[in-house]
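A.B. asks: Before anything else, here's the structure in question.
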Amino acid sequence: MKSKELSVELYDIIMRRHRSGEGYKTISRVLKVPKSKMSSIIRKWKEYGNTQTLSRAGRLTKLSNGARKTLVREEHGNTQTLSRAGRLTKLSNRARKTLIREVTKNPKTILTELQSSLAEMGEPARRTTVSVALHNSRLYGRVAIWKPLLRKRHMTTHLEFAKRHVKYSESMRQKILWSDEIKIELFGLNAKHYIWQKPSKAHRQSYIIPTVKHGGGSIMLWGCFSVAGTERLVKIEGTMNGTKYPRIIEACKSH
1 MKSKELSVEL YDIIMRRHRS GEGYKTISRV LKVPKSKMSS IIRKWKEYGN
51 TQTLSRAGRL TKLSNGARKT LVREEHGNTQ TLSRAGRLTK LSNRARKTLI
101 REVTKNPKTI LTELQSSLAE MGEPARRTTV SVALHNSRLY GRVAIWKPLL
151 RKRHMTTHLE FAKRHVKYSE SMRQKILWSD EIKIELFGLN AKHYIWQKPS
201 KAHRQSYIIP TVKHGGGSIM LWGCFSVAGT ERLVKIEGTM NGTKYPRIIE
251 ACKSH
C-alpha cells in the first residue's frame, strides 16, 4: 500500500530540525512521523539535494507525431535545448564559468542552487550535467571537516610560533607536551556539510566548518601526551580561555 504523502511544510520542518542537530527519534516523536519515513526523507535530501518524491521508472508513453516533429525541429534548430532521447546538451563555456565562479565564491553551494542559476541564464541542466561540469574542473563534492574557529590574530600567532620553533632539535622536541580538546555532543549530532572542493585543499579556510569551545548539549574534554606517555582527560567547565588553559597545564605538570 502506498504511504501517505507528507506536506511540503512538514518536509521543511523535518529538514530544519535535522540540520539543527536533533536526532531521528526526537523528530519522529514530536512530529509523529514514522522513523523509517524520516530516514527515507533525510537520505533522499542527502543524495539528491531535495525531498520531493522522485518519479518511478516505468513504461514511457508514446509520443504523438506532432510531439516527435517538435523534438526534431528543436534538435536541429536549437542545440542548447534537446538532443536525441531528450537529453540536455553540454553546457556552454559561459555556463561552466558561472558554475566555477559560484562554487569558488561559496563552496557550500548545493546542486539545486546551481541548477537555479543556470535556469535563470536560460541554460537548464540536470544535476548530473552540473556535477560532470564541475568534476571536469577538478571540483568534487566532499564532506567539510570541522576545525576550531580561528580569527586572524590566532593564525598570525600560530604562524609566528611555528617559524620560531621549526629548527628544534630532536632532544628539544621530546620535551614538548602535545595537547588538544574535543567537544562531544550529548544530544543530537554534528550534521555533515557538503562542499565543492579541489584535491588537497581540504584545510583551506573556506572549506572548513568552524567550531567553538562552548555551547549547550555537549561537554569539552582536554587531553595531552608527551614522549613519557599520555595524561588523564580533563573536563573543561564553561568556556576555554587564556586564563583557564595555563591552569590546566600546571595541574597536568603536578601529576
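Be aware that the sequence shown starts at 1, since it is given in UniProt numbering, and climbs by one per residue. Think of the CB as a built atom: it goes at the ideal place given N, C-alpha and C, for glycine as much as any other residue.
1. Would you call the CB atoms of Ile100 and Leu150 closer than 9 Å?
2. Would you report the Cα separation of Ala125 and Ala119, rounded to the nearest angstrom?
3. Distance check for Pro148 and Ile236, CA to CA, integer angstroms please.
4. Considering Cα atoms alone, identify which of Ser218, His165 and Arg173 is closest to Thr239.
5. Could you check if Gln197 is buried or exposed, using at least 16 other CB atoms within 10 Å of its CB as the buried criterion?
6. Is it the case that the stretch 220 to 233 contacts the stretch 167 to 179, given that we only count it when at least three CB pairs across the two stretches are under 8 Å?
7. Quick one: is His18 near chain C, going by C-beta distance under 9 Å?
8. What are the boundary residues of the alpha helix (DSSP H) that Pro246 is part of?
9. Consult DSSP for Tyr11 and reduce its assignment to one of helix, strand or coil.
10. If I follow the unbroken alpha helix (DSSP H) through Leu99, where does it start and stop?
11. Would you report the Cα separation of residue 296 and Val227, rounded to the nearest angstrom?
12. Where Gly188 and Leu10 are concerned, what is the direct C-alpha to C-alpha distance, given to the nearest angstrom?
13. In terms of alpha-carbon separation, which member of Ile110, Ser36, Lys105 and Asn136 lies closest to Pro199?
14. Using alpha carbons as the reference points, say which of Asn241, Arg43 and Ser116 lies closest to His154.
15. Since Ile114 and Glu102 are thought to touch, with beta carbons under 8 Å apart, how far apart are those beta carbons, to the nearest angstrom?
16. Alpha carbon to alpha carbon, how far is Ile145 from Lys108?
17. Within this structure, are the beta carbons of Met121 and Arg94 separated by less than 9 Å?
18. Only counting runs of 3 or more residues, tell me where the beta strand (DSSP E) segments fall wholly within the UniProt domain "Transposase Tc1-like" (98 to 167), in order along the chain.
19. Is any heavy atom of the ligand FAD found at a distance shorter than 8 Å from the C-beta of Thr26?
20. Note down the Cα distance separating Ser131 from Ser116, rounded to an integer number of angstroms.
21. On the premise that Leu91 lies in contact with residue 257, defined as a C-beta separation below 8 Å, what is that separation, rounded to the nearest angstrom?
22. Assuming Ile176 is part of the alpha helix (DSSP H), what are its boundary residues?
23. Using the three-state DSSP reduction, which class does Lys183 fall into: helix, strand or coil?
24. Short of 6 Å in beta carbon distance, which residues of its chain neighbour Lys183, apart from the five on each side in sequence? Order them along the chain.
25. Under a Cβ-count criterion, where at least 16 other Cβ atoms within 10 Å of its own Cβ denotes burial, should Leu111 be classed as buried or exposed?
26. Could you tell me which residues DSSP puts in a beta bridge with Gly229?
C.D. replies: Answer, in terms of the structure:
1. Not closer than 9 Å, so no.
2. Near 7 Å, if we compare the C-alpha coordinates of Ala119 and Ala125.
3. Straight-line Cα distance between these residues: approximately 16 Å.
4. Considering only alpha carbons, the answer is Ser218.
5. With 16 or more other Cβ atoms within 10 Å, it is buried.
6. With a cut-off of 8 Å, the stretch 220 to 233 and the stretch 167 to 179 count as touching, because enough Cβ pairs lie within range.
7. The chain labelled as chain C is not found in the depicted structure, where only one protein chain is given.
8. For Pro246, the enclosing alpha helix (DSSP H) covers residues Lys244 to Lys253.
9. If DSSP states are grouped into helix, strand and coil, Tyr11 belongs with the helices.
10. Looking at the DSSP string, the run of the alpha helix (DSSP H) that includes Leu99 is Asn93 to Lys105.
11. Since the displayed the chain opens at 1 and closes at 255, residue 296 lies outside it and no answer follows.
12. Its pLDDT being 48, under 50, Gly188 is placed unreliably in this model, and the value from its coordinates should be taken loosely. Taking the Cα positions, Gly188 is about 20 Å away from Leu10.
13. Sorting Ile110, Ser36, Lys105 and Asn136 by C-alpha distance to the C-alpha of Pro199 places Asn136 at the top.
14. Among Asn241, Arg43 and Ser116, the Cα nearest to that of His154 is on Asn241.
15. For the sequence presented, residue 114 should be read as Leu rather than Ile. Confirmed, about 6 Å.
16. Distance between the alpha carbons of Ile145 and Lys108: 12 Å.
17. In this structure, the beta-carbon distance from Met121 to Arg94 falls below 9 Å.
18. If only complete runs of 3 or more residues are kept, the UniProt domain "Transposase Tc1-like" (98 to 167) shows the beta strand (DSSP E) at 140 to 143 and 145 to 148, in order along the chain.
19. No copy of the ligand FAD appears in this structure; indeed no ligand is present at all.
20. Their backbone Cα atoms lie some 14 Å apart in a straight line.
21. Nothing can be reported for residue 257: it is not among the residues displayed for the chain, which extend from 1 to 255.
22. For Ile176, there is no enclosing alpha helix (DSSP H), as DSSP marks it with neither H nor E.
23. DSSP places Lys183 in strand when its eight states are reduced to three.
24. If the five residues before and after Lys183 are omitted, its C-beta is found closer than 6 Å to the C-beta atoms of Ser218 and Met220, all from its own chain and listed in chain order.
25. By the neighbour-count rule (16 or more Cβ atoms within 10 Å), Leu111 is buried.
26. Bridge partners of Gly229: Ser226.
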